[in-house]
Amino acid sequence: MWAELLSTALIGTERQAFKVSTSTESEKLNSLLSKLNNSDQEQNLLSAASLLTFYKEAGKIPSKREVELPSKCALEDLPCCSLGINQYIPSLLSASLQRGLSEVLEELIKLGKRISPENLPSLLDLGANQPTLQESICKVIGKRGFWLAAQNSRWEYANLEDITGKTVEEVWHTANQATRFNLLRKLRRENPNKAQDLLSKTWNKEDFSARSVFINVLEINLTVKDEPFLELALNDSRKEIRTTAQWLLYKMQYSKLNTSIFEQLKTVFKLGKTKNFIEINIPKQVDGVLLEYLNEHKVKIFSFTPDFFVRKTISIIDPDFWCKEWNISIYDFLSLVAKSKHKLEFYGALTQAIANYSKIEWVEAIVRYLIKERKPNSLVYMLSNIFTILPTDKKEEILKECLYLEEELHLYHPFVTLISQYNTILSTTLTKQIIDKLIEYMKNHEKKNSSELYFLYNLAFSIPTTMFKEISQILDPGIWPSWSKDLSTFLSTLEFRHDVLKEINL
Amino acid sequence: MPINWTVEQIIKISPDAASAKAGKELANIRKWSRLGFDGQFVWGYCQGSGKDPYKACTDISEPAFKCSCPSHKFPCKHSIALFLLLANQEEAFAKAEQPDWVKAWAEARVKQAEKKAKKEEKKATEEVKPIDTAKQAKRIAEREAKIIAGLEELDLWLKDLIRQGLASVQTANYSFWDRPAARMTDAQAPGLARMIREMAGISVSGEGWQELLLERLSRLHLLTTSYKNLDKLPPLVQEDIRTMIGWTQKQDELLKNTGVADKWTVLGLKVEDDPLTPGLKTQRVWLQGQESKQFALILNFAFAKQPLDNSLVQNTTFQAELVFFPSAYPLRAVIKSRQNIIDNKEVMFSASISQAFASCSEALAKNPWIERFPMALENVVPAFSKDSWRLCDDESNEIAISPSYKATWELLAFSGGHPIKIFGEWYQNKFFPLNFWAEN
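These protein sequence lines map, in sequence, to chains S and W. Throughout, my numbering is defined as the position within the first sequence, counted from one, plus 35. Throughout, my numbering is defined as the position within the second sequence, counted from one, plus 1302.
Structure (structure tokens):
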């Protein structure tokens, strides 16, 4: 009856007459409906609708379950961090304090603790957006986290199965994609050849999604032993796979692809006759692998300019090739680059190449070169992202050198630029030196602008929290009224880290 | 300290997210000095941007707050921070005598309470100032006449709409709804005006709008018809209808009645912006009596930056006397008197979804105008299929979770596929969770 009533109400009683029907399942309702017999159709319709609406509402019974119940999550084997940590997690996930998250995750991993269930969705979401955090996140979410990730495809990366007691082969042949990826990544770190062997055996049977995920694992401990496999992958039916294989072959030192591109580029970039400049000869035409590479990157021949050519090609060549070819040191090479009128393109491309090949000696050389040569801070900034590649002791060594390079610790000091890229905890010795330098600066200056001590924001994430009390006394905003706002923010962040770590350790 | 306040409870007292964040940031000992407590009051000095530190004090038995900062928010970030400090680092508070300013506030509170009690006592004992009944009756009669005239017009409008068909409203603009709503406001029937304004968006609300609109129109029709036949209905049903039309009852008058004394637990709390009145916030606090097993709804309203009452904190229990608004199925209540918070977490749950539905049916049979019905369910498992979320019980029944509830994944994470206890509102055939607990 409701359907009939609704249809009339929709088109209107002036187009379709309404007559009260008394054919419902309920006698009582029929009896009430039968009383609506006046000549006013609209009144009858509205009254009948009222009766049926309230009848439906008051007599509503729950629907039978259609949805499948989720499986029950197994009991946790890791202890949960304290309830108190819950209050910090939302702040840690917020943009302003997210930089401190890695440290917290590492601490939780170290202590073998997991985060509470209520915080899992936001943490898993963060991992979905920031792949670099995924591995750590998977170690702190516990069984509840894996269980939850299995319910949401967005969190596929954390959908890890329990592989206790299973052999590598068993896991590789039976587990889900995320678990296999995790296994492959672990194996690749510990036994790269075994990982490649495992992947080669099933490669042709893997679907596109698995292939596109697994091939990226080969970046870990990439060597020429992976070359045959990657060359085969160059013939894959999917472009994404071909592109990744090609990128890995470029990245592979002494791969055939890399070497042959270099052979071609040797004629483009030459050491000048006086050996104190780089000569660039732009070819009218290119062929072979270089042409393929440029095509792959949608570079058209008419767009060749020296700047463009430097940017696109220097970035894919192992920088050691140039030193070897021209028989010069890294420092000499950097001096040549500094003289080039395309130096900005060179620096940009070189940074990319150094990052690709993880050339620690180049990072050290380039950073020291820029600092020593007092190159503009903008340049230091441009190259500072490769600073993270260096081992901690090297980074500290450079930071220390940098700290004393200039008398004052000002906003444009190279130290300030480099500390923004420093992603580990400083030693107490260097921390003390930095604080001394900071105090010296504050003593000699009145605050001029709001961004003057902005670097304190970055510094707050690198100072050991064990020094919190000591530092909070020395840098008490009450003692330094002109700098109180910067110092308060700095100390708040430091204290936040201190409190979180303390809470985790409870 | 007598009561263990949790961080979660304190955060919920914050007037907004920004205050909660600022409060958390301020909740560290370094920013505070002379932290003290005496069992009922906690206090401390917080260094702000000014020369002198702000003096913050909290009466934890209620809780009530006092701070010397100029913030218009209540409680301010200093009060929240002080409270958080108490929850996190109780050891930082030294047992001490109240400083003068705390003493002054405590005394002022006692005086205020005494004054209020005296006033109420006086009101109760003194001869009530004779009301000019003739004038009052005249005012009521005039309003009744206006309402009846308004209802006649509304009836015509409703019938006209049914004659032309509901499909016609799809092309109608907002004035189509605003005009009769404004007429109802003029007729001093604000309840009806609101009901009409709420219908304005239905035709563009997507699938099923026709059914929803007809349901709403039929409710409106029943209300107008009932009002015209008010004297034929039982007194409490009359009260419900009058409330729906927009007649209000003075809380002072109401508080003269004897209430229900019980231990009341705050089961859930929700603050919403009123979609029809910009700047108006409505706070719904659901309580449950331990002895009476009765649900009670405390409604608070605040305009713009006015603070809402933050003294009712989720998962706390207090002894109080509540007076219910007269209704065939009383839910809305006001607090007549209350005492300190006590430690008690007993909650009465419906054993199954069908039992909760049966309670709802019983309520609707008495008062069909109930919009939101409280449901406390136990032994339910959150589950989802495609984009819709449900709660399922062990009788193979399910209940849909409101799509406007945004923390469904948190709910699922909390349950881990195991049964949980949950409290929420049943509204427009959907369940909106407000609080949940682990089954064990």
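Note that CB positions come from ideal geometry on N, CA and C, so glycine has one too.
Does the CB of residue i have a neighbour CB from chain W at under 7 Å?
i: Cys108(S); result: yes
i: Gln231(S); result: no
i: Thr57(S); result: no
i: Thr348(S); result: no
i: Gln122(S); result: yes
i: Phe89(S); result: yes
i: Thr501(S); result: no
i: Ala245(S); result: no
Is the Cβ of residue i closer than 7 Å to any Cβ of chain S?
i: Ala1358(W); result: no
i: Val1309(W); result: yes
i: Gly1719(W); result: yes
i: His1380(W); result: no
i: Leu1524(W); result: yes
i: Ala1715(W); result: yes
i: Phe1300(W); result: Because chain W is modelled from 1303 through 1742, residue 1300(W) falls outside the range shown and cannot be assessed.
i: Lys1530(W); result: no
i: Glu1517(W); result: yes
i: Ile1331(W); result: no
i: Cys1694(W); result: yes
Using the Cβ count rule (16 or more neighbours within 10 Å means buried), how would you classify residue i?
i: His1523(W); result: buried
i: Ala1436(W); result: exposed
i: Trp518(S); result: buried
i: Gly200(S); result: exposed
i: Asn79(S); result: buried
i: Ser244(S); result: exposed
i: His208(S); result: exposed
i: Pro512(S); result: buried
i: Lys1708(W); result: exposed
Since residue i and residue j are thought to touch, with beta carbons under 8 Å apart, how far apart are those beta carbons, to the nearest angstrom?
i: Asn1612(W); j: Pro1377(W); result: 6 Å
i: Leu1453(W); j: Thr1526(W); result: 5 Å
i: Ala491(S); j: Phe525(S); result: Sequence check: residue 491(S) is Leu here, not Ala. Indeed they touch by this definition, with Cβ atoms about 4 Å apart.
i: Ser82(S); j: Leu71(S); result: 5 Å
i: Met1546(W); j: Trp1671(W); result: 5 Å
i: Leu1538(W); j: Ala1389(W); result: About 44 Å separates the two Cβ atoms, so there is no contact after all.
i: Val1568(W); j: Gln1585(W); result: Contact doesn't hold; Cβ gap of about 12 Å is too wide.
i: Pro1735(W); j: Ile1703(W); result: 7 Å
i: Gly180(S); j: Val1309(W); result: About 22 Å separates the two Cβ atoms, so there is no contact after all.
From residue i to residue j, what distance separates their C-alpha atoms?
i: Val206(S); j: Leu283(S); result: 26 Å
i: Phe249(S); j: Ala390(S); result: 21 Å
i: Glu441(S); j: Gln508(S); result: 27 Å
i: Thr500(S); j: Glu1393(W); result: 21 Å
i: Asn458(S); j: Ala130(S); result: 16 Å
i: Leu1458(W); j: Cys1662(W); result: 33 Å
i: Leu1556(W); j: Gly1726(W); result: 27 Å
i: Arg532(S); j: His1720(W); result: 34 Å
i: Ala213(S); j: Ala193(S); result: 7 Å
i: Ala1665(W); j: Asp112(S); result: 46 Å
i: Cys116(S); j: Ile539(S); result: 6 Å
For residue i, report the span of its beta strand (DSSP E) as first-last.
i: Asn1699(W); result: Asn1699 to Ala1702
i: Thr1289(W); result: Outside the displayed span of chain W (1303 to 1742) sits residue 1289(W), for which this structure offers no information.
i: Ile1450(W); result: Not the beta strand (DSSP E): Ile1450(W) falls in the alpha helix (DSSP H), residues Thr1435 to Gln1466.
i: Gly1346(W); result: Phe1343 to Cys1348
Going by DSSP, what residue range makes up the alpha helix (DSSP H) through residue i?
i: Ala109(S); result: No alpha helix (DSSP H) holds Ala109(S); DSSP gives it neither H nor E.
i: Trp357(S); result: Pro354 to Trp361
i: Trp518(S); result: Where Trp518(S) is concerned, there is no enclosing alpha helix (DSSP H), given that its DSSP letter is neither H nor E.
i: Gly383(S); result: Lys378 to Tyr392
i: Ile42(S); result: Residue identity differs from the one stated: residue 42(S) is Ser in this sequence, not Ile. Trp37 to Ile46 is the span of the alpha helix (DSSP H), which, as asked, contains Ser42(S).
i: Gln1512(W); result: Trp1511 to Lys1530
i: Tyr285(S); result: Lys274 to Lys286
i: Asn1390(W); result: Lys1379 to Asn1390
i: Gln124(S); result: In the sequence on display, residue 124(S) carries Ile and not Gln. Counting along the chain, the alpha helix (DSSP H) containing Ile124(S) begins and ends at Ile124 to Leu128.
i: Trp1479(W); result: Tyr1476 to Asp1488
i: Phe181(S); result: Gly177 to Ala184
i: Trp1711(W); result: Thr1710 to Ser1717
Examine the ligand HEM and report whether any of its heavy atoms sits within less than 6 Å of the Cβ of residue i.
i: Arg1499(W); result: In terms of ligand content, the structure shown is empty, and the ligand HEM therefore cannot be addressed.
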